[in-house]
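Everything on this sheet refers to the single structure shown next.
In the working numbering, the protein residues as written are 344 to 480.
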């Protein structure tokens, strides 16, 4: 092999190796991002399950239903205060309770945030007081 052929072969090898490393680097970054997103999704699911368990076990201990109403309606402020006290949110996660427009219950909205505070993932769950035995017949 002559010197020019050897130099061209070396340049081709170096450029293809650099391109391969770039592809592997991008693949690794994508995999890490996907893994982090899956961890946050799992954490949101655990928070939903914890809220369900909390309402099942301790919902009747708190005054969560609006008294004096002809219908069984959850007091969104009381649920918010009690859940924040009993189920603190981990960093990077938020919880919001929103009244259902049809008064079927309240929506629990759980969000996972990135470092800039933007919502990456969100889970919503309708919470009905009757489902947790909080309504008196």
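In this text, a Cβ means the ideal position worked out from N, Cα and C, and glycines have one as well.
Contact check for residue 386 against residue 432 fails: the beta carbons are separated by 8 Å or more. Straight-line spacing of the CA atoms in residue 478 and residue 399 works out to 13 Å. Straight through space, the alpha carbons of residue 392 and residue 364 are spaced by roughly 42 Å. Bounds of the alpha helix (DSSP H) holding residue 384 are 346-401. In this structure, residue 438 lies away from residue 417, with their beta-carbon atoms at least 8 Å apart. With a contact defined as Cβ atoms closer than 8 Å, residue 449 and residue 419 qualify at about 5 Å.
For the beta strand (DSSP E) assignment, the uninterrupted runs of no fewer than 3 residues enclosed by the segment 403-451 are, from N- to C-terminal side, 436-442. The Cβ neighbour count for residue 440, taken over all protein chains shown within 10 Å, is at least 16; the residue is labelled buried.
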